[in-house]
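Inspection log for the structure reproduced underneath, given as structure tokens.
Numbering (this note's numbering), first residue to last: 84 to 788.
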């Protein structure tokens, strides 16, 4: 799985091996005197950052080499086929947390080749059995689905446990009768979610030994007695009212879940006695994908509560290494950049090391140098890394898919990969639509992928609703656009509004995602449908009036006009505004307008035609003399060249860049205060050659340095 793991070696080959005590790609134990208990690590990143790939790599590296468990908190059945039918709904006797504890303890209980027998979960087994199977008195009578023999056994057990004086032999007989009646009725009737039956049977076997032990208040049951001081009696007597707490209000259930997690942690510590610690046995590794989901957030809250509830001690405590992935902002103050992380930056939550904490590590975007490394085996065009970087948006998974597509294309190219062949994979003119594959990876939900593809042409929500009403008249446009906007806001895309807009623009503000969506939309729509869509979007804004000050309405109207191919209209208006607006505002409008997508018929990158017909000059109100005509021609060259260079599949073209440079040179000769244009004349060609596109070309006041 190394293909998506660029920049993650700090965690894969440094921190995790140090924490678990076992090399990732070797058999050697990492012996560390006084090794810390396992930490809780939350790996943060955006869409396609390689979070799941990292967890998969850890799973493959440590499978059958140490106690290992994994779960996907966003997938049905936590990502396990055997649990595909597992319900996510709460029931009186179960919750997502208890279901997850069944799964994790089952996986950690498997035999590991070099580790010996699997981990045993005595405390947790007793707690899960009672929570899953026990029906408090009164409720038993209202449970018609439970076999009569089981209900009778529950009544007898309740009566004997509430007695002031308990005959231990009689108690043992009644507990055994309850267990004998319970196990045959496990499927559905006792509250165990479907799919967990085999795990429940294993839990019940472990708990049976403890409940029928000669000393009923020792070991695991004593632990439960000590954890439930608010109740009276021995461990089992206190566990039964504990079930009422689990079945009660949300805050009581959360506390009960935290105690079950604390039992899970205490059991792991008990498994690491003197011999295993002396032999530096590897620590358990728990991998949790998608911790940002509601289930994940709930689990994290309960987990940290559990660490708080465990008693502080000066002795060494063994805790599992928990590595979880989350969608999130890597720039948040609480997030440590992965390259800066060391073993010294983390201490385990709770225990002897202090209060609860989570080490939050941010996965960095894939860098230009790493993209060069992906493409290094290929004889590729000079600008291919730039194209991969632009369309990946720094996402390792997308960059890897693009690099793999180039590698598959290279042998067929015979003598070296040609840029035109690679572009054909993305613009829909070649078979094996690469853009569609990339979007399926980034937007796996089909209806959201389709929705955002159409809405990617919009600059704001109002225009998006108008476009949706045009193309999907039977749908609720407000709801569809709102849901699309919520998806963009809540799923951690790299949302960066255009710097030239002065307002949130465009609707899809993730640069790379929008580029791919527009490529897909352009390939899917016939030219007449594209024109219809752009006209509907343009109708959201007032037509530009040279007599009015510059505004977002004018810039947005011209943006869609250019997407319609109406470059002459755009040039005329910009000529009329030239010299009236401040040059900073005028260049910002040019930047904004020229970020318009190319129309389908102009989708093949090429140097644009810049010939202006005499009739067009005659139509321009500002072309009153030959000098003004020179300005008009310069604006025409500037607009058409920048527009062409803004296409996501276009790499820097010398002729286009030279036309931009020439146009800006002409323009700053025709204004008195020209320092802003001088700066653009100096900066824009340089940035264009580096691959920067409208609307991100820099605009500064004054000549600068």
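C-beta: ideal position from N, C-alpha, C; glycine also.
Given the structure is predicted, the values throughout are model-derived calculations rather than measurements.
Through-space distance from residue j to residue i, alpha-carbon basis
i	j	result
residue 617	residue 644	8 Å
residue 142	residue 153	8 Å
residue 347	residue 188	8 Å
residue 481	residue 316	59 Å
residue 571	residue 182	31 Å
residue 139	residue 406	11 Å
residue 464	residue 776	20 Å
residue 156	residue 614	43 Å
residue 525	residue 575	12 Å
residue 438	residue 389	With a pLDDT of only 42 at residue 438, under 50, the local geometry of the prediction cannot be trusted, and the value read off the model is given with reservation. Taking the straight line from one Cα to the other gives about 12 Å.
residue 415	residue 371	21 Å
residue 104	residue 542	52 Å
residue 60	residue 548	The first residue shown for the chain is 84 and the last is 788, placing residue 60 beyond what the model contains.
residue 126	residue 337	24 Å
residue 553	residue 559	11 Å
residue 400	residue 109	26 Å
residue 470	residue 561	35 Å
residue 285	residue 184	13 Å
residue 280	residue 191	17 Å
residue 128	residue 593	15 Å
residue 251	residue 244	10 Å
residue 449	residue 350	40 Å
residue 447	residue 186	31 Å
residue 528	residue 555	19 Å
residue 94	residue 342	30 Å
residue 206	residue 304	7 Å
Counted within 10 angstroms of its Cβ, other Cβ atoms place residue i as buried (16 or more) or exposed
i	result
residue 769	exposed
residue 167	exposed
residue 540	buried
residue 803	Limits of the chain in this structure are 84 at one end and 788 at the other, which puts residue 803 out of reach.
residue 631	exposed
residue 460	exposed
residue 208	buried
residue 365	buried
residue 248	exposed
residue 764	buried
residue 728	buried
residue 611	exposed
residue 678	buried
residue 339	buried
residue 197	exposed
residue 423	exposed
Expected contact under 8 Å - CB spacing of residue i and residue j to nearest Å
i	j	result
residue 148	residue 214	Between residue 214 and residue 148 the Cβ distance is about 32 Å, and since that is not below 8 Å, they are no contact.
residue 314	residue 321	4 Å
residue 319	residue 287	With a Cβ gap of about 15 Å, residue 319 and residue 287 do not count as contacting.
residue 595	residue 476	3 Å
residue 466	residue 680	About 20 Å; that fails the 8 Å criterion.
residue 374	residue 408	6 Å
residue 151	residue 145	5 Å
residue 217	residue 326	5 Å
residue 258	residue 240	6 Å
Contact set for residue i: own chain, Cβ-Cβ below 7 Å, skip 5 residues either direction
i	result
residue 661	669, 714 and 718
residue 627	637, 640, 641 and 656
residue 664	633
residue 433	Confidence in residue 433 is poor, its pLDDT being 48 and thus under 50, which makes the residue's placement unreliable; the coordinate value appears in the next sentence. Closer than 7 Å at the Cβ level, and outside the excluded window around residue 433, lie 390, 391, 393 and 439.
residue 798	Absent from the model: residue 798. The displayed extent of the chain is 84 to 788, so no value can be given.
residue 472	451 and 454
residue 676	638, 641, 642, 645 and 653
residue 486	457, 458 and 471
Own chain, CB closer than 6 Å to residue i, minus 5 neighbours either side, in chain order
i	result
residue 518	509, 599, 602 and 603
residue 262	291
residue 236	260, 261 and 264
residue 124	406 and 442
residue 502	464
Own chain residues within Cβ distance below 8 Å of residue i, not counting five before or after
i	result
residue 417	443
residue 160	166, 167, 168, 169 and 278
residue 468	451, 454, 455 and 458
residue 352	400, 401 and 402
residue 384	337
residue 299	251, 254, 255, 317, 318 and 319
**Asked** Do three or more CB pairs link the segment 674-685 to the segment 704-720 at distances below 8 Å?
**Response** By the Cβ rule, the segment 674-685 does not count as touching the segment 704-720, because fewer than three pairs are nearer than 8 Å.
Across the segment 596-604 and the segment 534-548, are there enough close Cβ pairs to call them in contact, namely three or more that are closer than 8 Å?
These segments touch.
| field | Cβ contact check for the segment 126-139 and the segment 378-395: 3 or more pairs under 8 Å | value | They do not touch, by the three-pair rule.
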